[in-house]
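All you need for my numbering is the position in the sequence shown, starting with 1, plus 13.
Every residue gets a Cβ at the ideal spot worked out from N, C-alpha and C, and that includes glycine.
Down below is the structure, laid out as structure tokens.
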Amino acid sequence: MCVLKLSKYLLAPLLSYVINECIIDGVFLDNLKIGKVVPIFKSEDSGIPTNYRPISVLTYLSKIFEKVLYTRLNDYFIKNNLLSQ
Numbered sequence: 014m015c016v017l018k019l020s021k022y023l024l025a026p027l028l029s030y031v032i033n034e035c036i037i038d039g040v041f042l043d044n045l046k047i048g049k050v051v052p053i054f055k056s057e058d059s060g061i062p063t064n065y066r067p068i069s070v071l072t073y074l075s076k077i078f079e080k081v082l083y084t085r086l087n088d089y090f091i092k093n094n095l096l097s098q
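See below:
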């Protein structure tokens, strides 16, 4: 993530292009679908598997793509008054 932040001005046009093309084509890249599932302990006995909940850790690029898509959809729904109170 540090590299992405340091080179954001160089990568922003390319990343913007890739995300826009993915949205236009309706494709989510397979490499962005890969996540690491980590069990997080909830409470009680740590020896019981049901006392853990899975958390999926996604790549930074996947999170950026998700945020862009969320923002666009949210703006669209608000602009067209499609969300109920």
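Measure the Cβ-Cβ separation of residue i and residue j and say whether it is below 8 Å.
| i | j | result |
| --- | --- | --- |
| Y65 | I53 | yes |
| L28 | T72 | no |
| L17 | L24 | yes |
| I32 | F78 | yes |
In angstroms with no decimal places, state the Cα-to-Cα distance between residue i and residue j.
| i | j | result |
| --- | --- | --- |
| L19 | G60 | 43 Å |
| K21 | M14 | 10 Å |
| F41 | C35 | 6 Å |
Cα-Cα, which of the options is closest to residue i?
| i | options | result |
| --- | --- | --- |
| I68 | L74, C15 and V50 | V50 |
| I37 | L82, Y73 and S75 | L82 |
Helix, strand or coil: how does DSSP classify residue i here?
| i | result |
| --- | --- |
| V51 | strand |
| S69 | strand |
| V40 | coil |
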